[in-house]
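**Student:**
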Amino acid sequence: MGGVINRTLETHRERRIANYGTFRLLLFGLDEAGKTSILNYIKTNDCGHTEPTALFNVESLSLSGSLNVSVRDFGGRAEYRGQWVRSITGGDAVLYVVDSSDTQRIEESKLELEKLLDSIISVKIPLLILANKQDLPTALSEDEMKKLFVTQLLKQKDRLSGVYPISAVSGNGINELIVDMKRYFKSI
788 MGGVINRTLE
798 THRERRIANY
808 GTFRLLLFGL
818 DEAGKTSILN
828 YIKTNDCGHT
838 EPTALFNVES
848 LSLSGSLNVS
858 VRDFGGRAEY
868 RGQWVRSITG
878 GDAVLYVVDS
888 SDTQRIEESK
898 LELEKLLDSI
908 ISVKIPLLIL
918 ANKQDLPTAL
928 SEDEMKKLFV
938 TQLLKQKDRL
948 SGVYPISAVS
958 GNGINELIVD
968 MKRYFKSI
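Position in the sequence shown (from 1) plus 787 gives the number in our numbering.
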């Protein structure tokens, strides 16, 4: 049954992309991980000042000439996380943002990602973990983040996955992320 549902979702996704040319990116992570700051940097090359996101924001971006992306930036506070699972089937890729400098909340972040992954097991969309705040001296390295999230990454056998060390403040790593997203979306 799961295979039939998964194939139906994939066909719907392919048809929507072919008809409208817009990819849907879903941006998840705990509160204060920097989701909205990353989105602002991608839009304007500046993270700007942000307010905590209530439920979600939707932004439309053009990553290159004809590559249009609709980004849903979901609020990360505990009371909003229940909405994540309901929204997952409408996306073409998941970006999960982790504050790599907040070691006290890494376990909480892993637990929330695990819940999210349990809900998308049959939906074959990429999962990219963004290790944000790499500009801070207390930030865990890319290798440390990969070790911490190895279980979640191993579950992604049949889909694109990885850890991207980035900084929404300096922009480091964001161009590499955009290049890889463009490459993936153009391959669909």
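By construction, the Cβ of each residue, glycine as well, lies at the ideal position given by its N, Cα and C atoms. Predicted, not measured: the structure shown is a model, and the values here were computed from it.
Which of the three DSSP states, helix, strand or coil, is assigned to residue 845?
**Tutor:** Locating residue 845 in the sequence shown gives position 58, where the first residue counts as 1. DSSP places residue 845 in strand when its eight states are reduced to three.
**Student:** Residue 879 and residue 823: beta carbons closer than 7 Å?
**Tutor:** On the sequence shown, residue 879 is found 92 positions in, with the first residue counted as 1. On the sequence shown, residue 823 is found 36 positions in, with the first residue counted as 1. Taking 7 Å as the Cβ cut-off, residue 879 and residue 823 do not qualify as a contacting pair.
**Student:** Apart from the five residues on each side of it in sequence, which residues of its chain come closer than 7 Å, Cβ to Cβ, to residue 955?
**Tutor:** Numbered from its first residue, the sequence shown carries residue 955 at position 168. Excluding sequence neighbours, residue 955 sits near 821, 824, 825, 828, 834, 919.
**Student:** Checking the sheet assignment: what are the DSSP bridge partners for residue 964?
**Tutor:** Counted from its first residue, the sequence shown places residue 964 at position 177. For residue 964, which the question treats as bridged, DSSP gives no partner whatsoever.
**Student:** Taking 7 Å as the threshold (C-beta atoms), are residue 815 and residue 871 in contact?
**Tutor:** As a working mapping, residue 871 is identified with position 84 in the sequence shown. As a working mapping, residue 815 is identified with position 28 in the sequence shown. Cβ distance < 7 Å, so residue 871 and residue 815 count as in contact.
**Student:** Apart from the five residues just before and just after residue 868, which ones in its own chain have a Cβ nearer than 7 Å to its Cβ?
**Tutor:** In the sequence shown, residue 868 corresponds to position 81, counting from 1. Cβ within range, chain order: 899.
**Student:** Under DSSP, the alpha helix (DSSP H) around residue 873 begins and ends at which residues?
**Tutor:** For the purposes of this step, residue 873 is taken as the residue at position 86 of the sequence shown. Counting along the chain, the alpha helix (DSSP H) containing residue 873 begins and ends at 869 to 874.
**Student:** According to the neighbour-count rule (16 or more other Cβ atoms, all chains shown, within 10 Å of its Cβ), is residue 924 buried or exposed?
**Tutor:** Within the sequence shown, residue 924 is the residue found at index 137, counting from 1. Result: exposed.
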